[in-house]
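See structure below.
2 protein chains.
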Amino acid sequence: MARCSSCFPEISVRKPERTPTGETILAQRLATSDDTFSQDFAALLAGKREASVDVDAAVRDILEDVRSHGDAAVLRYTERFDRLAATSMAELTVSADEIAAAVAAVPAETLAALTLARDRIASHHRRQMPEDDRYTDAIGVELGSRWTAIESVGLYVPGGTASYPSSVLMNAVPAKVAGVERIAMVVPSPDGVLNPLVLAAAHLAGVEEIYRIGGAQAVAALAFGTETIPAVSKIVGPGNAFVAAAKRRVFGTVGIDMIAGPSEILVVADGENDPDWIAADLLSQAEHDESAQSILITDDAGFATAVEGALERQLARLPRVEVAGASWRDFGAVILVDDMAEAPALVDAIAPEHLELAVADPEALFVRIRNAGAAFLGRYTPEAIGDYIGGSNHVLPTARSARFSSGLSVLDFVKRTSVLRCTAESLRELGPAAIALAEAEGLSAHGRSVAQRLNL
Amino acid sequence: MARCSSCFPEISVRKPERTPTGETILAQRLATSDDTFSQDFAALLAGKREASVDVDAAVRDILEDVRSHGDAAVLRYTERFDRLAATSMAELTVSADEIAAAVAAVPAETLAALTLARDRIASHHRRQMPEDDRYTDAIGVELGSRWTAIESVGLYVPGGTASYPSSVLMNAVPAKVAGVERIAMVVPSPDGVLNPLVLAAAHLAGVEEIYRIGGAQAVAALAFGTETIPAVSKIVGPGNAFVAAAKRRVFGTVGIDMIAGPSEILVVADGENDPDWIAADLLSQAEHDESAQSILITDDAGFATAVEGALERQLARLPRVEVAGASWRDFGAVILVDDMAEAPALVDAIAPEHLELAVADPEALFVRIRNAGAAFLGRYTPEAIGDYIGGSNHVLPTARSARFSSGLSVLDFVKRTSVLRCTAESLRELGPAAIALAEAEGLSAHGRSVAQRLNL
Chain A
21 MARCSSCFPE ISVRKPERTP TGETILAQRL ATSDDTFSQD FAALLAGKRE
71 ASVDVDAAVR DILEDVRSHG DAAVLRYTER FDRLAATSMA ELTVSADEIA
121 AAVAAVPAET LAALTLARDR IASHHRRQMP EDDRYTDAIG VELGSRWTAI
171 ESVGLYVPGG TASYPSSVLM NAVPAKVAGV ERIAMVVPSP DGVLNPLVLA
221 AAHLAGVEEI YRIGGAQAVA ALAFGTETIP AVSKIVGPGN AFVAAAKRRV
271 FGTVGIDMIA GPSEILVVAD GENDPDWIAA DLLSQAEHDE SAQSILITDD
321 AGFATAVEGA LERQLARLPR VEVAGASWRD FGAVILVDDM AEAPALVDAI
371 APEHLELAVA DPEALFVRIR NAGAAFLGRY TPEAIGDYIG GSNHVLPTAR
421 SARFSSGLSV LDFVKRTSVL RCTAESLREL GPAAIALAEA EGLSAHGRSV
471 AQRLNL
Chain B
21 MARCSSCFPE ISVRKPERTP TGETILAQRL ATSDDTFSQD FAALLAGKRE
71 ASVDVDAAVR DILEDVRSHG DAAVLRYTER FDRLAATSMA ELTVSADEIA
121 AAVAAVPAET LAALTLARDR IASHHRRQMP EDDRYTDAIG VELGSRWTAI
171 ESVGLYVPGG TASYPSSVLM NAVPAKVAGV ERIAMVVPSP DGVLNPLVLA
221 AAHLAGVEEI YRIGGAQAVA ALAFGTETIP AVSKIVGPGN AFVAAAKRRV
271 FGTVGIDMIA GPSEILVVAD GENDPDWIAA DLLSQAEHDE SAQSILITDD
321 AGFATAVEGA LERQLARLPR VEVAGASWRD FGAVILVDDM AEAPALVDAI
371 APEHLELAVA DPEALFVRIR NAGAAFLGRY TPEAIGDYIG GSNHVLPTAR
421 SARFSSGLSV LDFVKRTSVL RCTAESLREL GPAAIALAEA EGLSAHGRSV
471 AQRLNL
């Protein structure tokens, strides 16, 4: 694809580098038959992949400042951190003309791909919309659950190299499907540079309110509101350490989505796969981030060696060789099992963000597995399909949190109100038990509120 | 109901006190017709009701200690904080005999009420179970969402006065309905005292693994595991400032439920209600906690005054008069509207935990309201019915978080894995768009993983 440096400034500055000749980059190898396997596997699970940067004190000050001084504080921090001097928030508000110009600047093929992605994401997420439930039970009590969309959502989009149009779609489209009325997007433009693909994706997703701000100051503006930006009810989207710390701190004032960690893939592959395909899949996560993790589970030692070789050959040709090489060397792993029947327990313990089952009968394996953010079944479903165009969401639980949480969905943009309605008769049926429990808990006013209505 | 001090130790120590004669306890009054209404209402919304106790440093140390020293640390903290000396965790593990004895000690009427509550909660929550979805789209891509139960859940139950059997049911029953295999319950027993009702409720909910431990040390034991207590995947249940701080800190290592604040009720009532009924409903929240908040919205000034009078008369007779009086005086409010049509916008801004619509046509009002944890419709549905026996959950979003979150449900005990499966043919359809987007984002290994399979 043709790329010019004004359209893709963050990308074009990245220099392809070659891996130093002769240096072999290998991930660690484990085998369930080793005596030390339980320790080795426990160490792999316990491994920390994120350097914890302590920005909490700085973030606290920024939040407080924006809460007290609104737009003025946002302008000040934007000048300091993004080297972008503006005298009013109007200058930091992306205009309809700018969006139109960005859309026009995107190559037709890319725009078509983004449009296809949007449509497939929308179509899949529409099936996730929960249905209201309302019913009357045997004694005449009406019960129910009613779902409504969150009124307003803030969408954080990172600037710089992690400014991905696909992530804009993955966050904004489910919100739109849920019926969120207002989506306010923030995206920093360091030195004034904004990725037009991000604006094009926002446009395709129907997002029109966009501010060129980022960092903790943007999170604060969304959470507390400023003279220009009305406060939202929930903030979603990935960001750097400042953004993550700010989201943690404003949680409660507003809702937040998960705090995502570095990406992960676990590929379970038998010896019948093309080693080049599996190596490419492992590299597709490794290239994200030096802290990303790619793991292969296989029952074929020869295949494992073939994948390692293929991976090294492909690595040498990758533009992001340094990132992918560091990730594979520091966090990659090959786990050799005696029998594929051992795989499900290992998968559940790892609880990967992405799980590929490249085996003859992936469904048979999948039903025995519980913990995974997203599953990619069979030999023809590379994980990258899910990142972009499959239709399912690519915002998924990392760092073993698939044990207890799910990927982003329409459910993250709606909330439920439970409904109860008693008649005089059904209250008479239920009342005495409620009074008994209230008395047992020493909460007599609870009991009185029921007793009053029953003349008790 | 008959109560003895050994069965209900926490309750029996509470001394009923009378409100000092002649002192009038009134909540603040607002009226939408006042010139100052917007400021008054904004101040009401912004009011902080929780004293923030900074226990974070102490909690951090306790967590680290339990993570490093396991059972030994738990024993040490239990001796220090609960004045309960035990030489092994076995002594802090509640036996089947103890549970049976507790069940036997509960009066038959209370046990019957708890059993009815359990059955109604189970029956309502079974309807919340999400269904798997699996389908093949027009180009042959299989997509889906698969739901599985969280493997293990820790249930925190407070000791002392907030040790509510109803909360045990509200947390444990949905987990059981979801299919959670292991529920580990922790409940502190300061000075060795344990509320038998809590054990009875656990028994009715099918919870068998119970430890007499509490505080941050119990949260740490559940999150990290000890020699005796295997780690769980998620921790739910209310607790004091130490428990809340500990849950915030272990979030990520395990899942947690919401951090609940003081309880709230908002009653929208027209002048056709019995003032005594509405006063009782307002008091049923006020008696929970001095920081609880009860608000009345009405279009009838005379009715408002009648409710205030009724409330004061009932208050004087309440065992928990001091708590309820302080809550009503400090945080209570009566909002007079000119027309009930003004109510929905006020309700949405308040986003109450509990919303009562005591009007002639509650449904007509309810459809115009978006933000509420639970709605109680009509004149015969006091909120206390939902606390105990209605069947819906009483763990609900507080402090305006109903704008973006929902009450506890079966969904909190399951997680979703998204599923994708391409065939060689459907990959050929989608591949080029995925490659185009990967290239546009500068992630060439993503593109390669697709291209390899298509011989591109």
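Read top to bottom, the protein sequences are chains A and B. The C-terminal residue of the first sequence carries number 476 in our numbering, and the numbering is unbroken. The C-terminal residue of the second sequence carries number 476 in our numbering, and the numbering is unbroken. In this text, a Cβ means the ideal position worked out from N, Cα and C, and glycines have one as well.
Rounded Cβ spacing between residue i and residue j (contact assumed at less than 8 Å)
| i | j | result |
| --- | --- | --- |
| residue 86(B) | residue 244(B) | 6 Å |
| residue 172(B) | residue 207(B) | Wrong, their Cβ atoms sit about 17 Å apart, outside the cutoff. |
| residue 217(B) | residue 464(A) | That belief does not hold up - the Cβ atoms of residue 217(B) and residue 464(A) are roughly 16 Å apart, past 8 Å. |
| residue 220(A) | residue 122(A) | 5 Å |
| residue 491(B) | residue 416(B) | This structure does not reach residue 491(B), given that chain B is present from 21 up to 476, and the question cannot be answered. |
| residue 356(A) | residue 44(A) | The pair is not a contact, with the Cβ atoms about 19 Å apart (cut-off 8 Å). |
| residue 254(B) | residue 426(A) | Contact doesn't hold; Cβ gap of about 12 Å is too wide. |
| residue 285(B) | residue 65(B) | Not quite, the Cβ-Cβ distance comes to about 16 Å (not below 8 Å), so this is no contact. |
Residue nearest to residue i in terms of C-alpha spacing, selected from the options
| i | options | result |
| --- | --- | --- |
| residue 419(A) | 412(B), 404(B), 273(B), 223(B) | 273(B) |
| residue 236(A) | 331(A), 77(A), 291(A), 393(A) | 77(A) |
| residue 383(A) | 352(B), 281(B), 439(B) | 439(B) |
| residue 247(B) | 117(B), 367(B), 89(B) | 89(B) |
| residue 195(B) | 145(B), 264(B), 259(B), 262(B) | 145(B) |
| residue 377(A) | 329(A), 319(A), 351(A), 51(A) | 319(A) |
| residue 385(A) | 408(A), 59(A), 120(A), 361(A) | 361(A) |
| residue 279(B) | 80(B), 406(B), 266(B) | 266(B) |
| residue 432(A) | 167(A), 408(A), 375(A) | 167(A) |
| residue 458(A) | 163(B), 73(B), 468(B), 186(B) | 186(B) |
| residue 252(B) | 57(B), 129(B), 369(B), 169(B) | 169(B) |
| residue 180(A) | 445(A), 111(A), 212(A) | 212(A) |
| residue 330(B) | 413(B), 353(B), 312(B), 294(B) | 294(B) |
| residue 347(B) | 302(B), 325(B), 334(B) | 302(B) |
| residue 283(A) | 93(A), 414(A), 131(A), 63(A) | 414(A) |
| residue 352(B) | 314(B), 325(B), 345(B) | 314(B) |
Nearest-angstrom Cα separation, counted from residue j out to residue i
| i | j | result |
| --- | --- | --- |
| residue 61(B) | residue 437(A) | 24 Å |
| residue 443(B) | residue 161(B) | 7 Å |
| residue 410(A) | residue 189(A) | 12 Å |
| residue 28(A) | residue 210(A) | Note that residue 28(A) scores 31 on pLDDT, short of 50, meaning its location in the model is unreliable and no value can be drawn from it. |
| residue 256(B) | residue 232(B) | 16 Å |
| residue 50(B) | residue 67(B) | 15 Å |
| residue 372(B) | residue 340(A) | 51 Å |
| residue 215(A) | residue 126(A) | 10 Å |
| residue 276(B) | residue 230(B) | 19 Å |
| residue 281(B) | residue 316(B) | 20 Å |
| residue 191(A) | residue 402(B) | 39 Å |
| residue 138(B) | residue 83(A) | 44 Å |
| residue 32(A) | residue 462(B) | Reliability of the predicted coordinates at residue 32(A) is poor, the pLDDT of 31 falling under 50, and the value obtained from them is presented with this limitation in mind. So the two alpha carbons sit approximately 9 Å from each other. |
| residue 35(A) | residue 466(B) | Legend: pLDDT at residue 35(A) = 35, less than 50; position of this residue unreliable, value from coordinates given subsequently. C-alpha separation (whole angstroms): 18 Å. |
| residue 118(A) | residue 422(B) | 36 Å |
| residue 241(A) | residue 91(A) | 8 Å |
| residue 114(B) | residue 472(A) | 39 Å |
| residue 354(A) | residue 140(A) | 34 Å |
| residue 429(B) | residue 345(B) | 32 Å |
| residue 456(B) | residue 450(B) | 10 Å |
| residue 109(A) | residue 268(A) | 25 Å |
Neighbour flag for residue i against chain E, beta carbons, 7 Å
| i | result |
| --- | --- |
| residue 223(A) | Included in the structure are the protein chains A and B, with no chain E among them. |
Residues that residue i bridges to, as DSSP identifies them
| i | result |
| --- | --- |
| residue 156(A) | 162(A) |
| residue 374(B) | 285(B), 394(B) |
| residue 315(B) | 286(B), 353(B) |
| residue 229(A) | 204(A) |
| residue 169(A) | 434(A) |
| residue 440(A) | 163(A), 396(B) |
| residue 255(B) | 174(B), 276(B) |
Problem set entry | Contact list for the segment 247 to 274 of chain B against chain A, Cβ threshold 8 Å | 253, 254, 272, 274
Exercise. What residues in the segment 421 to 439 of chain B have a beta carbon less than 8 Å from any beta carbon of chain A?
Worked result: Residues 421, 422, 423, 424, 425, 426, 427, 429, 431, 435, 436, 437, 438, 439.
Problem set entry | Residues, ordered as in the chain, of the segment 141 to 166 of chain A that lie near chain B by beta-carbon distance below 9 Å | 143, 144, 147, 148, 150, 153, 155, 157, 161, 162, 163, 164, 165, 166
Exercise. Which residues, in chain order, does the segment 275 to 303 of chain B contribute to contact with chain A at a C-beta distance below 7 Å?
Worked result: 275, 296, 297, 300, 301, 303
Exercise. Given a limit of 9 Å on CB to CB distance, which residues of the segment 338 to 354 of chain A reach chain B?
Worked result: Shown in chain order are the members of the segment 338 to 354 of chain A whose Cβ falls below 9 Å from a Cβ of chain B: 338, 339, 340, 344.
Exercise. Any residues in the segment 400 to 412 of chain B with a beta carbon nearer than 8 Å to a beta carbon of chain A? Which ones, in chain order?
Worked result: Against chain A - using a Cβ distance shorter than 8 Å - the residues of the segment 400 to 412 of chain B are 400, 401, 402, 403, 404, 405, 406, 407, 408, 409, 410, 411, 412.
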